[in-house]
Amino acid sequence: KFSLMDHMAHQVIAMQYLLELAKQLEMDPRACISSFFSKIQLATDEYKKAFYDELEAFKLRIRKRAKEKIQEQIKEMRKMKSWSRFPWDPEVWI
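Numbering (our numbering), first residue to last: 1003 to 1096.
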């Protein structure tokens, strides 16, 4: 699942950069696709670093939120008193 999350996060950040480029050029985003990928291939190290920094920050936010959701579910399960039906320890998931 982590590789899927990594792939989807990369697509989301690429889409954000594409939309930003379209906004700067005042063009339809669909018309900017080839110029976006040309720009990213010829990009400076600074531009690439910014892209990958944004990507890593996004992945960290996703992982943090996933951990929060797991904790919320554990608390909910404990509240429901149905905890005894589960033979595994959910703390291992975290």
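By construction, the Cβ of each residue, glycine as well, lies at the ideal position given by its N, Cα and C atoms.
None of these values were measured; they are calculated from a predicted model.
Cβ atoms of residue j and residue i: under 8 Å apart, would you say?
i: F1039; j: Y1019; result: no
i: A1024; j: F1060; result: no
i: I1015; j: E1048; result: no
So residue i and residue j are supposed to be a Cβ contact under 8 Å. How far apart are they, rounded?
i: M1007; j: I1072; result: 14 Å between Cβ atoms; not a contact.
i: P1031; j: L1021; result: 6 Å
For residue i, tell me which candidate among the options has the shortest Cα-Cα distance.
i: I1042; options: R1032, Q1075, Y1054; result: Y1054
i: F1004; options: E1074, A1068, R1080, K1081; result: A1068
i: H1009; options: E1078, E1058, K1081; result: E1058
Counting only beta-carbon separations shorter than 8 Å, does residue i have a partner in chain C?
i: K1050; result: Protein chains in the displayed structure number just one, and chain C is not present.
Could you check what DSSP says for residue i in three-state terms: helix, strand or coil?
i: D1030; result: coil
With respect to 7 Å, is the separation between the Cβ of residue i and the closest non-hydrogen atom of the ligand HEM below this value?
i: M1082; result: By its list of ligands, the structure shown contains no ligand whatsoever, and the ligand HEM lies outside what it can speak to.
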